[in-house]
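Protein chains in written order, with the numbering used here: chain U, 1 to 596; chain H, 597 to 969.
Right, here's the structure in full:
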C-alpha cells in the first residue's frame, strides 16, 4: 500500500469516556466485523479488562475506509501503563481524543493529550455521549479548544453508543492525520509497541514499520535487547490475524517470532534485519522498571509451587512484571513482586486468584528506594525489611501528580497533598468551575490509599493521574514491629521521620485488635532501631476449655479440638504466637485511620 | 437379673429418653412419650442388653442411667429395667427434681441405685424459666431432702452458668444454695448454645455478647467450690473429699481415663475395642428393630491409634490427676510442652507425667490443642 493512503492512529480518553465503544463502532462501520461477530468492546479481549472497562494490553486493528488503510492502535488506559501508551502513540501520526460530553476533561484526558502532543501527533478531538441528557457538548468542546487550541468547529460531536457521526470521525482521520513518511528503500526499522504470548507460536510482536520492509522468513534482530529470531509469519489484525508476505514502510502489523520468553522482546525496541539492517534504532526505548513492590505469599504454604508456575505464566504476557523469591519468617515462602503501579498490582493479583485459583496474602505495597550504604555504594531496596539501619542516605521516587477537581474541593485536595508531603507546583482553572492542581508527591505516599482518600474527600469528583519524576532525598525511617519480642519482617514499614511515630503507634493499636487473645500475654511493640516508640499488649485469655465432655459426645468434642488445631494452622506462627493473616494487612489501612 | 458375659467392658450406660418437656437448650436424644411406649422401650432396651451381654465383663463396675429424664419413666417399667441390670459398685440415675417423690426414692433405693445425679441447673426462678425447666427452686431442695431421708448418701447436683440474664450475683447465690444442700458432688457447666437448638435460636446473640464475662464466671465457680472444700477433679466436676470414701463419679472417671464403655438405648454411644458406635436417635426405629430381635440402626466410627491418643489426651487433661504423656508415643509436641511448662500452664510430674496448673486447666482446650502441635 502506498504510504499516502495509510493512516495510523490511536484513540485516547479518560476511563469510561467511550474509547472502546468508539472502537467497536469503527469496526462495524468499516465492515471489519459483521454485526453477528460483534461483541461489545471487542478489542478488550481479557475477561478482566471487560469487567473493569479498562484496556490492559494494546492491540492494533486494520480497517478500510474510502480507499484508505486505517490502523487503529489501541492504548492501555491507565496511569500505570504510561510508557506503553507512549510507545503506542509513537507508532501513530495522529490520535483521536475522546472526551465525555457530560464529564468534560479529566486527568487522564490531559495526561494522554500531553503524551500525544509530546509525540507530535495530530489530534482529532471528539466529544462523545452527546445523546446523554446531561451532556454539554458545547461546553466540553470549549474546554477541549482551551486545551488544544483550534476552533470548536473542528471538534467532532458524536455518540459512539448510537453511532451518530462516527463516519465523521473516520473522515477526519483521513483528512487531518498525516500519512506516514518513512523511507521505503532504507534498511528496515520497525517499532515494537506491544507484544503478546501465544502458547503455540511464542511471542507475537505488534510493530509499526517505519522504514524499509519486513518479509516473511527474514532473520530479524531486536536492537536494544540484541535478540535474534526469524519472522515466522507476518500479518495484520482484522481483528483476527491475517497473514501477509511482507509489511511495508508505514504499515502496522504483527510478527510471529517463535521466541518463548516475552522478556527477550521489549516494548519500545526496534526490529531490523540481521543482514543489511539499520545501525541506529528508533528513539525512545526505555527499560521500564517496576516502582511498586509487595510480597505475595500463598495462604497455604503448600501452594508455593503453584504460585511460582502462575507467575512464570503471567510474566510471559507481561514483561513489566517482576518477581523474585522472598522468604519471610512470618509468612514463609513467597515472592517479592514489582509492579508498574497499584492498578498493575491489583490486576496481577486478581489474575493469580481468578485464573490460577490461588489464595494469596499480599503485603502492604511499598516503593523502590535508593539507599546509600556505609561504603558509598547505592543499592535499590524493594522491601522495608531489607532497608539497612545504618543507611547514609535514602532516596525515594517522586511523581508529578495532576488532580482535576471542582473548585469547591481545592482546599480538601491541597490538605490531602500536604499531609502526604506534597510540594505544590501550580494551579490552573480549566473552566470557571474546574481546577487543575499539580503537585509533586512521594510515590510512597500514594501507594497506600491516596486515591481512595482523594475520592472520598472530593465525593468522587476528583480525577488523578501522575508520572514519575525521579528519585529525591527523603528523611525516612524504618519502623519495625515486634510481636512477643520477636521482629516480624513482614510488618516493617518505611515512613517519613515526622510520621514514623504515629504510624508505629497506629500499627500496634491495629495489631492489638487483630491478634486474638492467646494463652499468654502478647506484647506488641513498634521500634525504630532499638528504640521502642509504641507498645500494646494483648491480654492472655483466662478461659478456653469445653464446658463438658462425656462418653456420648467424645467424637464431637474431638472434632472441635481438631478444628481448633486447624484454625491455629491457618495462623502464622511468630515466636510461638499465632498471628492471623489479616494482621499482616493491618499496615495497609493505617493512613485511612490517620484522618481525624 | 441379667447375667454378665465374659467380655472386658466394665462400664455400662443406659439411655432413657423420656421427658415431660423438652427444654430449649437440650440436644440430647429425648422423647415425650406415653406410659405404654415406656414399657415397649424398656422391652427393647432389655433385648439390646441381652444382645450386647457378651461384651460385658463378669464384674461390671459402673452403670449409669441417663436421659432424657430416667425418673420420668413410668415406675413399673423403670423398676423392671433396674431389676435386670448387672450388679455394679456404682449405679447412678439421673433425676429431675420435680420427679423425686418419696415413692420414687424408695423404688430407686430398693433396686440398688447408689448415686443420684440431680438436674438442679439454677435456684433462680427467672433463670429456670429461661431454661424452660419444670422444677422450681423449692423442688430442688425438697428433692435433696427426700433422697437423704430415703438413705441416699451420694448425691450430685448439676448447675448451669451463663444463662441469658444471669448476673454475677445470681451465680453467687446459686453456688451458695447448692453448697447449703451439702451434695457429695457438683457438676457445673457453662451453658452451651448448641447449634440447632431452639435455645440457640432465641438466645445465641446474647450468649455471644456475654462470652467474655464467662471468664469471670468460670473462675468464680472454681474459687467458690474449692473454697467450700470441694475437689476440682475434672474441668466441670467437683466432689467432696470423703472420709475414706471416693466421691468422684466413677462411671465418668473411667471414661475420662480412657476405659471402654458400652451404651444401650436410643442414641447411646459405645466405645469398645477401637470402635465407636452410636445408635441412631429415632425411638420408633429403635423399638421396632429390637422387637424383631435385631440390633438397632447405628453408625460406626473406627478409632485408629492416633485418634485414640488424641482423645486420651483431650479427656485425661480434664482431670486433676497426673497424666502419662509418654504412653501416647509422640502425640505430644515437646517444644510446645516446654513452652507451656515455662509459661506456667503445665507442671511435670516425674519423668512421664504432667498435670495442668490451675490457669492451665482454665485454658485446657487451648493447652490440649497446643500440645497436639
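All residues carry an ideal CB built from backbone N, CA and C; glycine is no exception.
Please read all numbers here as calculations on a predicted model, not as lab measurements.
Pick from 383(U), 541(U), 584(U) and 526(U): whose alpha carbon is nearest that of residue 514(U)? Looking up residue 514(U) in the first chain gives position 514. Ranked by Cα distance from residue 514(U), the first of 383(U), 541(U), 584(U) and 526(U) is 584(U).
Say whether chain U places a C-beta atom closer than 7 Å to the C-beta of residue 968(H). Along the second chain, read from residue 1 onward, the residue named residue 968(H) stands at position 372. It does; some Cβ of chain U falls within 7 Å.
Please name the residues in the stretch 913-936 of chain H whose beta-carbon is closer than 7 Å to at least one beta-carbon of chain U, in chain order. 914 and 935
Just mark residue 632(H) as buried or exposed, buried being the case when its beta carbon has 16 or more other beta carbons within 10 Å. What you label residue 632(H) is simply residue 36 of the second chain in a count that begins at 1. Label assigned to residue 632(H): exposed.
Give me the Cα-Cα distance between residue 691(H) and residue 362(U), rounded to the nearest whole angstrom. Numbered from 1 along the second chain, position 95 holds the residue referred to as residue 691(H). Numbered from 1 along the first chain, position 362 holds the residue referred to as residue 362(U). Going from the Cα of residue 691(H) to the Cα of residue 362(U) covers about 58 Å.
Which residues does DSSP list as the beta-bridge partners of residue 372(U)? For the purposes of this step, residue 372(U) is taken as residue 372 along the first chain, with counting starting at 1. The secondary-structure analysis by DSSP pairs residue 372(U) across a beta bridge with 378(U) and 393(U).
Any beta carbon from chain H within less than 7 Å of residue 548(U)'s own beta carbon? If you number the first chain from 1, residue 548(U) lands on position 548. For residue 548(U), the answer is yes, since a Cβ of chain H falls inside 7 Å of its Cβ.
Consider the Cβ of residue 554(U): report whether some Cβ of chain H lies at a distance smaller than 7 Å. As a working note, residue 554(U) is residue 554 in the first chain. By this cut-off, residue 554(U) is an interface position.
Hey, how far is the Cα of residue 506(U) from the Cα of residue 365(U)? One-based indexing of the first chain puts residue 506(U) at position 506. One-based indexing of the first chain puts residue 365(U) at position 365. Near 17 Å, if we compare the C-alpha coordinates of residue 365(U) and residue 506(U).
Is residue 865(H) closer than 7 Å to residue 552(U) when the C-beta atoms are compared? Reading the first chain from its first residue, position 552 is the one you call residue 552(U). Reading the second chain from its first residue, position 269 is the one you call residue 865(H). Cβ distance < 7 Å, so residue 552(U) and residue 865(H) count as in contact.
On the CB-based measure, 16 or more other CB atoms within 10 Å of its CB, does residue 774(H) come out buried or exposed? In the second chain, the residue the question calls residue 774(H) occupies position 178. With 16 or more Cβ atoms within 10 Å of its Cβ, residue 774(H) is classed as buried.
Residue 53(U) (DSSP reduced to helix, strand or coil): For the purposes of this step, residue 53(U) is taken as residue 53 along the first chain, with counting starting at 1. Its pLDDT being 46, under 50, residue 53(U) is placed unreliably by the model, and the measurement read from it follows with that caveat. Coil at residue 53(U), not helix or strand.
Length of the line joining the Cα atoms of residue 22(U) and residue 13(U): For this step, residue 22(U) is matched to residue 22 along the first chain. For this step, residue 13(U) is matched to residue 13 along the first chain. Those two C-alpha atoms are separated by around 11 Å.
DSSP beta-bridge partners for residue 294(U)? One-based indexing of the first chain puts residue 294(U) at position 294. Residue 294(U) is bridged to 337(U).
What does residue 95(U) pair with, by DSSP beta-bridge criteria? The residue you call residue 95(U) lines up with position 95 of the first chain. Answer by DSSP bridge pairing, in chain order: 10(U) and 123(U).
Identify the contact partners of residue 979(H) in chain U, using a Cβ-Cβ distance below 7 Å as the criterion. With chain H covering only 597 through 969, there is no way to say anything about residue 979(H).
Residue 671(H) by DSSP, collapsed to three states: which one? Mapped onto the second chain, residue 671(H) falls at position 75. Residue 671(H) falls in the helix class under three-state DSSP.
Does chain H have any CB closer than 7 Å to the CB of residue 542(U)? For the purposes of this step, residue 542(U) is taken as the residue at position 542 of the first chain. So, interface residue.
Going along the chain, which unbroken runs of the alpha helix (DSSP H) with 4 or more residues stay wholly within the stretch 142-186 of chain U? 166-176
Beta-carbon separation of residue 671(H) and residue 703(H) under 7 Å? If you number the second chain from 1, residue 671(H) lands on position 75. If you number the second chain from 1, residue 703(H) lands on position 107. Yes. Within cutoff.
Sorted by chain position, which residues of the same chain lie with C-beta nearer than 7 Å to residue 829(H)'s C-beta, five sequence neighbours on each side aside? Working through the second chain from its first residue, we reach residue 829(H) at position 233. For residue 829(H), where only same-chain residues beyond five positions count, the Cβ hits under 7 Å are 835, 844, 915 and 916.
What's the call for residue 424(U), buried or exposed, on a 16-neighbour Cβ count within 10 Å? If you number the first chain from 1, residue 424(U) lands on position 424. Under this definition residue 424(U) is an exposed residue.
Cβ-based burial, residue 650(H) [other Cβ within 10 Å; buried from 16]: Taking the second chain and counting its residues from 1, the one referred to as residue 650(H) is at position 54. When all chains shown are included, residue 650(H) counts as exposed.
Please confirm whether residue 517(U) has its beta-carbon closer than 7 Å to some beta-carbon of chain H. By one-based count along the first chain, residue 517(U) stands at place 517. Not one chain H Cβ lies under 7 Å of residue 517(U).
Please tell me whether residue 329(U) has its Cβ less than 7 Å away from any Cβ of chain H. What you label residue 329(U) is simply residue 329 of the first chain in a count that begins at 1. No, residue 329(U) lies away from the interface with chain H (no Cβ there is under 7 Å from its Cβ).
Residue 585(U) - containing alpha helix (DSSP H), residue span: As a first step, residue 585(U) is located in the first chain; it is residue number 585 there, counting from the start. Residue 585(U) -> no alpha helix (DSSP H), and no H or E assigned at all.
According to DSSP, is residue 58(U) helix, strand or coil? One-based indexing of the first chain puts residue 58(U) at position 58. The predicted model places residue 58(U) with a pLDDT of 45, which falls under 50 and marks its position as unreliable; any figure quoted below should be read in that light. It is coil, neither helix nor strand.
Excluding sequence positions up to five away, which residues of its chain have a Cβ less than 7 Å from the Cβ of residue 577(U)? Counting from 1 along the first chain, the entry for residue 577(U) is found at position 577. The residues are 483, 484, 518 and 522.
Take every Cβ of the stretch 380-387 of chain U, pair it with every Cβ of the stretch 399-412 of chain U, and state whether three or more of those distances are shorter than 8 Å. Between the stretch 380-387 of chain U and the stretch 399-412 of chain U, the count of C-beta pairs closer than 8 Å stays below three; the two stretches do not touch.
According to DSSP, residues forming a beta bridge with residue 851(H): Along the second chain, read from residue 1 onward, the residue named residue 851(H) stands at position 255. Bridge partners of residue 851(H): none, in fact.
Under 7 Å by beta carbon: chain U residues contacting residue 965(H): As a working mapping, residue 965(H) is identified with position 369 in the second chain. Chain U residues near residue 965(H): 561, 564, 565 and 568.
Contact list for residue 557(U) against chain H, beta-carbon separation under 8 Å: Translated into the one-based positions of the first chain, residue 557(U) becomes position 557. In chain order: 910.
Helix, strand or coil at residue 520(U) according to DSSP, with G and I counted as helix: As a position in the first chain, residue 520(U) is number 520, starting the count at 1. Secondary structure of residue 520(U) (DSSP, three-state): coil.
Which residue wins for smallest C-alpha separation from residue 681(H), given the options 659(H), 822(H) and 725(H)? Working through the second chain from its first residue, we reach residue 681(H) at position 85. That would be 659(H), whose Cα lies nearest to the Cα of residue 681(H).
Which whole-angstrom value describes the C-beta separation of residue 905(H) and residue 927(H), a residue pair presumed to lie in contact below a C-beta threshold of 8 Å? As a working mapping, residue 905(H) is identified with position 309 in the second chain. As a working mapping, residue 927(H) is identified with position 331 in the second chain. That pair is a contact at about 4 Å.
So, do the stretch 149-161 of chain U and the stretch 240-247 of chain U have three or more beta carbon pairs nearer to each other than 8 Å? Judged by Cβ distances under 8 Å, the stretch 149-161 of chain U makes no contact with the stretch 240-247 of chain U, as fewer than three pairs qualify.
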